[in-house]
Amino acid sequence: MSEFEVIVLGVGDTFSERHHGTSLLLCCEGFRLAIDCPDAYRGVLHDAAKRSGRELSLSDIDHVLITHVHGDHMNGLEGVAFYKHFADKKRVHLVTSPEVRATIWEQRLKASMGQLFDGQQYRVLGFGDYFEVTELSWAEPVVVGPFTVRARRTVHHVPTSALFIEAAGRSLGYSADTAFDAELIAFLEPADLIIHETNLGPAHTPYASLAALPAQLRARMRLIHYPDSFDTSSSCIQSLREGDLLVV
Ligand SMILES: [Zn+2]
């Protein structure tokens, strides 16, 4: 039976000098689902491939889930969609919330992707030329390949989806960007593996709030999206590193 694996692509925040932007690659039954898409995404894959020993090519990733529109989570999407358009001659399968779907083209991508020059003339392109979409639901699970995905809105500057993802009889909880939220912890808690963000400021989760959780919950939790200043060696919750390969 195929395992549910997570390859950690990036663990940093938007200000990091040391890390790629927080992003994951979920793998099961040969299917790959990217969670968020930071800048220079092919380089991000290249680095994670080196560290994890897995072959990671953008041509093998057709499904990208975007948790929210902050740049450190989606600045790579333009390049990925152009790569798919020009190199692979296909569209990106975008998985995202209705709120992100409503704004991602008009307010983020259209200015740079809405027009192409073919050597002779300019052509106007729309969202549907680059993307097909599966919308997440706040109420119902949504199936993406072997993954069943539940979304929960987090407490963040802009609409953001935390995720509870099941595959191969196992489950992953991912906080995405969020302020500390006890109800979100309860949503994530049943998962076999929980990946939670920590960072500074009112829209992120202080490490101390997670460190105060019960030990049996912390044992299943891993930290991501931490600032460069975060002391990973003295944390009582294990921090993820780029290239980590986790079996859920
Ligand atoms: Zn954010």
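For the sequence shown, this note's numbering gives the first residue as 537, with consecutive numbering after it. All C-beta atoms, glycine included, are put in the ideal place defined by N, C-alpha and C. Since this is a predicted model, take the numbers as computed values, not measurements.
Contact check, residue i vs residue j, beta carbons under 8 angstroms
{"i": "I701", "j": "L562", "result": "yes"}
{"i": "T684", "j": "D717", "result": "no"}
{"i": "A712", "j": "T741", "result": "no"}
{"i": "L708", "j": "V542", "result": "yes"}
{"i": "P763", "j": "L736", "result": "yes"}
{"i": "R758", "j": "C772", "result": "no"}
{"i": "M610", "j": "I602", "result": "yes"}
{"i": "T670", "j": "V660", "result": "no"}
{"i": "L729", "j": "V680", "result": "no"}
{"i": "H761", "j": "D624", "result": "no"}
{"i": "Y710", "j": "L720", "result": "no"}
{"i": "A570", "j": "H599", "result": "yes"}
{"i": "G508", "j": "D575", "result": "Outside the displayed span of the chain (537 to 784) sits residue 508, for which this structure offers no information."}
{"i": "C564", "j": "P682", "result": "yes"}
Per DSSP, the bridge partner or partners of residue i
{"i": "E541", "result": "C563 and V783"}
{"i": "M757", "result": "I730"}
{"i": "Q657", "result": "According to DSSP, which records beta bridges pairwise, Q657 is partnered with nothing at all."}
{"i": "G546", "result": "S559"}
{"i": "V691", "result": "Answer is none; V691 lacks a bridge partner."}
Straight-line Cα distance separating residue j from residue i
{"i": "D608", "j": "L560", "result": "13 angstroms"}
{"i": "S595", "j": "L724", "result": "31 angstroms"}
{"i": "S538", "j": "A703", "result": "9 angstroms"}
{"i": "R706", "j": "H732", "result": "17 angstroms"}
{"i": "L613", "j": "S770", "result": "35 angstroms"}
{"i": "L749", "j": "P726", "result": "14 angstroms"}
{"i": "F766", "j": "E553", "result": "13 angstroms"}
{"i": "T768", "j": "C573", "result": "24 angstroms"}
{"i": "R686", "j": "Y658", "result": "41 angstroms"}
Mind the definition here: the region 653-667 touches the region 692-707 only if three or more C-beta pairs lie below 8 angstroms; say whether that holds.
-> no
Quick check: the region 584-591 against the region 769-784, are there 3 or more CB pairs under 8 angstroms?
-> Yes, the region 584-591 is in contact with the region 769-784.
Specify which residues have a beta carbon nearer than 5 angstroms to any heavy atom of ligand 1, listing them in chain order.
-> H606 and D713
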